[in-house]
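Have a look at the structure below before the remarks.
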Amino acid sequence: MTQIKSLPAAGVGVLTAGGDAPGMNAAVRAVVRTALGLGLRAHGVQRAFEGLAQGEIREIGARDVGGILQRGGTVLQTARYPEFAKPEVQRAALEQLRGRGIGALVAIGGDGTMRGALALHRLGLPVVGVPASIDNDVYGTDMAIGVDTALNTILEAIDKLRDTASSHRRAFIVETMGRHCGHLALMSGITSGAEMTLIPEQEVSAEEVAEAVRSAHERGKTHAIIVVAEGAKLRAAALKERLDAMRLGFGFRVTILGHVQRGGRPSAWDRLLAARLGVAAVERLARGESGVMVGLQARDVVGVPLEEAGTRQRPVDLEYYRMARMLAR
Ligand code: F6P
Numbered sequence: 026m027t028q029i030k031s032l033p034a035a036g037v038g039v040l041t042a043g044g045d046a047p048g049m050n051a052a053v054r055a056v057v058r059t060a061l062g063l064g065l066r067a068h069g070v071q072r073a074f075e076g077l078a079q080g081e082i083r084e085i086g087a088r089d090v091g092g093i094l095q096r097g098g099t100v101l102q103t104a105r106y107p108e109f110a111k112p113e114v115q116r117a118a119l120e121q122l123r124g125r126g127i128g129a130l131v132a133i134g135g136d137g138t139m140r141g142a143l144a145l146h147r148l149g150l151p152v153v154g155v156p157a158s159i160d161n162d163v164y165g166t167d168m169a170i171g172v173d174t175a176l177n178t179i180l181e182a183i184d185k186l187r188d189t190a191s192s193h194r195r196a197f198i199v200e201t202m203g204r205h206c207g208h209l210a211l212m213s214g215i216t217s218g219a220e221m222t223l224i225p226e227q228e229v230s231a232e233e234v235a236e237a238v239r240s241a242h243e244r245g246k247t248h249a250i251i252v253v254a255e256g257a258k259l260r261a262a263a264l265k266e267r268l269d270a271m272r273l274g275f276g277f278r279v280t281i282l283g284h285v286q287r288g289g290r291p292s293a294w295d296r297l298l299a300a301r302l303g304v305a306a307v308e309r310l311a312r313g314e315s316g317v318m319v320g321l322q323a324r325d326v327v328g329v330p331l332e333e334a335g336t337r338q339r340p341v342d343l344e345y346y347r348m349a350r351m352l353a354r
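Each residue of the sequence shown is one higher than the one before, starting from 26 at the first, in this note's numbering.
And the structure:
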């Protein structure tokens, strides 16, 4: 964590990067209004690090972020931009900021965003990161912005699937997002009462899933729900093929929830988290901090070195996995 002398009055830039997450807009609003409240100018960078390198930057005021708190997606837009790993692209981005007299940056996004933020910090720009990703794989924070809303979206879908599953005596295999992390699947498995949850962190065979489904059928259940993380070794489609062949009493259907999990109005929880982290990010920059991500640990907002947030993955707590198995009876 580097201490810098003072935040240039010229202002603070803000961008959103990686996959969008509900609550990003609330975080942008918090960053802009905190900067303005501290007497700093605020600048929005469109389309993440790509827009930064290409100079898609405009000054924004308090009214520009009015009416966005409750909206999903990101008004600043986002982009996947692996080219930002190149030093010449990073330097071009820095030039764009310096050319406009922007002295600091808040980068809102997932672990890839923290790596981009770290690169700019290493080039001497004061930068603070804010974790926002539905995957909840960002190291150093209990929750990232967007996770709670995504989880509620998944639950709403599974509750509906259970209705049709019961009517037809079917089992649904529901694939959630999460990339290499099983958090979303595991939490939705527990909170939806799934018979089985498959995550990348814990290998399960098709035979074990079959046993859980067979047993649910024998105990008189009229449906079964199997939640599969997209990063699990056994993917939803392959699992269905294996289970179909075993004649377990239920017919199987696959539902891939996909990008619907990324959209929608942010929950109260995500809005509050976005407000807390957005305010903390700018206040830390104003106090002269750089090279950190603000994260939630227990009830507190803490600073986590970008070196850690950008290079490590938040581990799934396997105690939850044990709980999920215990409760699926
Ligand atoms: O990181 C968020 C996420 O939605 C992952 O869960 C998923 O694997 C990935 O992004 C999908 O990326 P894209 O929207 O670029 O297809």
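From the three backbone atoms N, C-alpha and C, an ideal C-beta is built for every residue, glycine too.
Buried or exposed (CB count within 10 angstroms, at least 16 for buried), residue i
i: GLY276; result: exposed
i: GLU200; result: buried
i: GLN322; result: exposed
i: THR222; result: buried
i: MET351; result: exposed
i: ASP295; result: buried
i: LYS185; result: exposed
i: GLN95; result: exposed
i: GLU220; result: buried
i: GLN28; result: Confidence at GLN28 is low in this model, with a pLDDT of 40, below 50, so the placement of that residue should be treated as unreliable; the coordinate-derived value is given next. GLN28 should be labelled exposed.
i: GLU84; result: exposed
i: ASP160; result: buried
i: GLY36; result: buried
i: SER191; result: exposed
i: ALA262; result: exposed
i: ALA293; result: exposed
i: ASP269; result: exposed
i: HIS146; result: buried
i: ARG54; result: buried
i: ARG324; result: exposed
First and last residue of the uninterrupted alpha helix (DSSP H) at residue i
i: PHE74; result: 73 to 78
i: VAL279; result: Per DSSP, VAL279 belongs to no alpha helix (DSSP H); it is in the beta strand (DSSP E), 276 to 281.
i: ALA142; result: 136 to 147
i: MET348; result: 343 to 352
i: GLU266; result: 261 to 269
CA nearest to the CA of residue i, picked from the options
i: LEU273; options: GLU232, GLY283 and LEU298; result: GLU232
i: ALA118; options: THR336, LEU61, VAL199 and GLU81; result: GLU81
i: THR23; options: ALA235, ARG290, PRO156 and HIS248; result: Absent from the structure is residue 23, since the part of the chain shown begins at 26 and ends at 354.
i: ARG5; options: MET139, ALA87 and ILE281; result: Any question about residue 5 goes unanswered here, given that the chain covers just 26 to 354.
i: MET49; options: GLU120, VAL37, THR59 and VAL172; result: VAL172
i: GLY141; options: ALA51, VAL114, VAL329 and GLU308; result: VAL114
i: ASN177; options: LEU130, ARG287, GLN121 and LEU77; result: ARG287
i: TYR346; options: VAL163, GLN227, GLY124 and GLY134; result: GLN227
i: ARG354; options: ALA67, PRO112, SER240 and LEU77; result: SER240
i: ILE281; options: GLY289, LYS265, ALA270 and MET271; result: LYS265
i: GLU332; options: LEU130, MET271, PHE74 and TYR164; result: TYR164
i: HIS193; options: ARG339, LEU343, VAL326 and ARG278; result: ARG278
i: LEU259; options: SER230, ILE251 and VAL285; result: SER230
i: ALA46; options: PHE109, MET348, THR99 and ASP162; result: THR99
i: GLU108; options: LEU77, GLY97, ALA132 and GLY134; result: LEU77
i: ILE179; options: MET348, VAL341 and ILE250; result: ILE250
Continuous beta strand (DSSP E) stretch holding residue i: start and end
i: THR247; result: Looking at the DSSP string, THR247 is not in any beta strand (DSSP E), and its letter there is neither H nor E.
i: ASP325; result: 325 to 330
i: LEU40; result: 37 to 41
Heavy atom of the ligand PLP within 7 Å of residue i beta-carbon
i: SER240; result: Annotation note on the ligand PLP: not contained in the displayed structure, which lists the ligand F6P as its ligands.
Enumerated in chain order, which unbroken segments of the beta strand (DSSP E) with a length of 3 residues or greater are wholly contained in the stretch 55 to 117?
-> 67 to 70 and 82 to 85
Decide yes or no for the touch test of the stretch 100 to 108 against the stretch 38 to 57: beta carbon pairs closer than 8 Å, at least 3 of them.
-> yes
Of all the alpha helix (DSSP H) runs that stay within the bounds of the stretch 155 to 241, which reach a length of 4 or more residues?
-> 172 to 193 and 208 to 217
Stretch-stretch touch, CB-based, cutoff 8 Å, three pairs: the stretch 145 to 165 with the stretch 214 to 221 | no
Mind the definition here: the stretch 311 to 331 touches the stretch 233 to 240 only if three or more C-beta pairs lie below 8 Å; say whether that holds.
-> no
Should the stretch 74 to 94 be called in touch with the stretch 201 to 209, which here means at least 3 C-beta pairs below 8 Å?
-> no
Touch check for the stretch 120 to 129 and the stretch 67 to 79: three-plus C-beta pairs under 8 Å?
-> yes
Could you pull out every unbroken alpha helix (DSSP H) segment of at least 4 residues lying fully inside the stretch 281 to 323, listed in chain order?
-> 293 to 311
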